[in-house]
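For reference, the structure is listed below as structure tokens.
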Amino acid sequence: ILNVEQSPQSLHVQEGDSTNFTCSFPSSNFYALHWYRWETAKSPEALFVMTLNGDEKKKGRISATLNTKEGYSYLYIKGSQPEDSATYLCAFIGAGNNRKLIWGLGTSLAVNP
Amino acid sequence: DAGITQSPRHKVTETGTPVTLRCHQTENHRYMYWYRQDPGHGLRLIHYSYGVKDTDKGEVSDGYSVSRSKTEDFLLTLESATSSQTSVYFCAIRGTGDEKLFFGSGTQLSVL
Chain A
1419 ILNVEQSPQS
1429 LHVQEGDSTN
1439 FTCSFPSSNF
1449 YALHWYRWET
1459 AKSPEALFVM
1469 TLNGDEKKKG
1479 RISATLNTKE
1489 GYSYLYIKGS
1499 QPEDSATYLC
1509 AFIGAGNNRK
1519 LIWGLGTSLA
1529 VNP
Chain B
262 DAGITQSPRH
272 KVTETGTPVT
282 LRCHQTENHR
292 YMYWYRQDPG
302 HGLRLIHYSY
312 GVKDTDKGEV
322 SDGYSVSRSK
332 TEDFLLTLES
342 ATSSQTSVYF
352 CAIRGTGDEK
362 LFFGSGTQLS
372 VL
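Below, the structure is given as structure tokens:
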């Protein structure tokens, strides 16, 4: 059974703090790793799609790294703002099997003003 | 905007009645998905489609069926709704290139 784990489950930070969270996934048969941001009462939106070991992606104050050999990805938020409050999901895609996404349960981030 | 719409947005129904949710896309993408979202479970795949008339089960497919008679529409049917199917349902399409998913706005379904 393929398992994707995200930690921590939830996080409360103050505005201006930098934070990071982890996505752990199987280290074999890797195809891609996705990060999504999911605001309350909205739909998930893609942040990053990562495919190569050592990949680093950046979008504004948010960045992500990927280590496929050890099976983890980090998401970093620099200088958190209240509008960053959301659940951050990662999804692992293995090669084959129609490349179905295996989702983590997410990290819920609350940024206090 | 990936041109994906779900209908209805909200539905209240009674146990034992059939319910059909519709997902419509305008971008001609091959892969379409139905997920349900419940507290503590995250996103769980119900069914997905990889082409017209090509569908497969996800991890929570019991009690659900799907149909894809044309590229743009992917229908999810609850043949006889149960209270355990009260949930928020999301449709998604897989884009081309980096293959990220684009989600519809969701359907809040309540089965009383």
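Keeping their order, the protein sequence lines are chains A and B.
Counting from 1419, one number per residue, gives the positions in the first sequence under the numbering used here.
Counting from 262, one number per residue, gives the positions in the second sequence under the numbering used here.
No residue lacks a Cβ here, since even glycine has one placed at the ideal position from N, Cα and C.
| said: Considering just the uninterrupted stretch of the beta strand (DSSP E) at PHE1466 (chain A), what are its terminal residues? | reply: Per DSSP, PHE1466 (chain A) belongs to the beta strand (DSSP E) from 1463 to 1468.
| request: Would you mind listing the beta strand (DSSP E) stretches within the stretch 1427 to 1454 of chain A that are 3+ residues and don't spill past its ends, in chain order? | output: Whole beta strand (DSSP E) segments, 3+ residues: 1428 to 1432 and 1437 to 1442.
| task | Could you confirm whether any beta carbon from chain A is found closer than 8 Å to the beta carbon of PHE351 (chain B)? | result | At a cut-off of 8 Å between beta carbons, PHE351 (chain B) contacts chain A.
| query | So LEU282 (chain B) and TYR350 (chain B) are in contact, right, with Cβ under 8 Å, and what is the actual spacing, rounded? | reply | At roughly 6 Å, the Cβ-Cβ gap stays under 8 Å, so LEU282 (chain B) and TYR350 (chain B) are in contact.
| task | Look at the alpha carbon of VAL273 (chain B) and the alpha carbon of GLN1499 (chain A), and state the distance between them as a whole number of angstroms. | result | One C-alpha to the other measures close to 37 Å.
| message | One question on the structure: do HIS1452 (chain A) and ALA1528 (chain A) come within less than 8 Å of each other, judged by their Cβ atoms? | response | Result no, Cβ atoms of HIS1452 (chain A) and ALA1528 (chain A) do not sit closer than 8 Å.
| message | Within 8 Å, do at least three Cβ pairs link the stretch 309 to 316 of chain B to the stretch 283 to 301 of chain B? | response | Yes, the stretch 283 to 301 of chain B touches the stretch 309 to 316 of chain B.
| Smallest Cα separation from VAL327 (chain B): which of B:VAL280, B:THR368 and B:THR276? | Closest option to VAL327 (chain B), judged by alpha-carbon separation, among B:VAL280, B:THR368 and B:THR276: B:VAL280.
| said: Does any residue of chain A have a CB that is nearer than 8 Å to the CB of GLU288 (chain B)? | reply: No, GLU288 (chain B) does not count as interfacial toward chain A.
| request: Could you round the C-beta distance between SER1445 (chain A) and GLU1488 (chain A) to whole angstroms and report it? I think they count as a contact, below 8 Å. | output: About 6 Å separates the Cβ atoms of SER1445 (chain A) and GLU1488 (chain A), confirming a contact at the 8 Å cut-off.
| task | Compare the C-alpha of PHE1448 (chain A) against each of A:PRO1531, A:LYS1518, A:ARG1517 and A:GLY1512 and name the closest. | result | A:GLY1512 is the residue among A:PRO1531, A:LYS1518, A:ARG1517 and A:GLY1512 whose C-alpha sits nearest the C-alpha of PHE1448 (chain A).
| request: Could you pull the start and end residues of the beta strand (DSSP E) that ASN1485 (chain A) belongs to? | output: Looking at the DSSP string, the run of the beta strand (DSSP E) that includes ASN1485 (chain A) is 1480 to 1485.
| field | 8 Å Cβ cutoff met for LEU337 (chain B) and GLY324 (chain B) | value | Between LEU337 (chain B) and GLY324 (chain B), the CB-CB gap reaches or exceeds 8 Å.
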